[in-house]
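**Q** All letters in the sequence shown, in the order written, are residues 4 to 86 by this note's numbering.
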Amino acid sequence: MENNSLKEQSTEALKKKLAVTKGLTILLTVVMIVLFAKAIYDSITKEFNVLIAMPLAFTAILAKNIKLIKDIKAELKSRPDTK
4 MENNSLKEQS TEALKKKLAV TKGLTILLTV VMIVLFAKAI YDSITKEFNV
54 LIAMPLAFTA ILAKNIKLIK DIKAELKSRP DTK
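1. Starting from Ile-75, trace the alpha helix (DSSP H) in both directions and tell me its first and last residue.
2. What is the DSSP secondary structure of Ser-8, reduced to helix, strand or coil?
3. Figure out for me which residue from Lys-80, Ile-64, Pro-83 has the closest Cα to the Cα of Thr-24.
4. Going by other Cβ atoms of all chains shown within 10 Å of its Cβ, with 16 needed for buried, is Ala-42 buried or exposed?
5. Going by DSSP, what residue range makes up the alpha helix (DSSP H) through Lys-25?
6. Express the C-alpha separation of Ile-29 and Lys-67 in angstroms, rounding to a whole number.
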């Protein structure tokens, strides 16, 4: 279903969606690294912290965003006007 919606969108809309998704994926990755580092630091200095599960929970969102980026790039590459 996602591929169908990508095929129906204009090239400009796909380029904009690609840029936004890339930016948000980078931001999410940075936030996950900071959260993971803080959770490990807190676990070492204090005691085990439940916050260590948060970056792991965001991994599914990160994987979905990476797949979306790959799908958008493939769709843009398949279009004759973007080669």
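Note that CB positions come from ideal geometry on N, CA and C, so glycine has one too.
**A** Let me lay it out:
1. 56-81
2. helix
3. Ile-64
4. It counts as buried.
5. In this chain, the alpha helix (DSSP H) harbouring Lys-25 covers 14-48.
6. 13 angstroms
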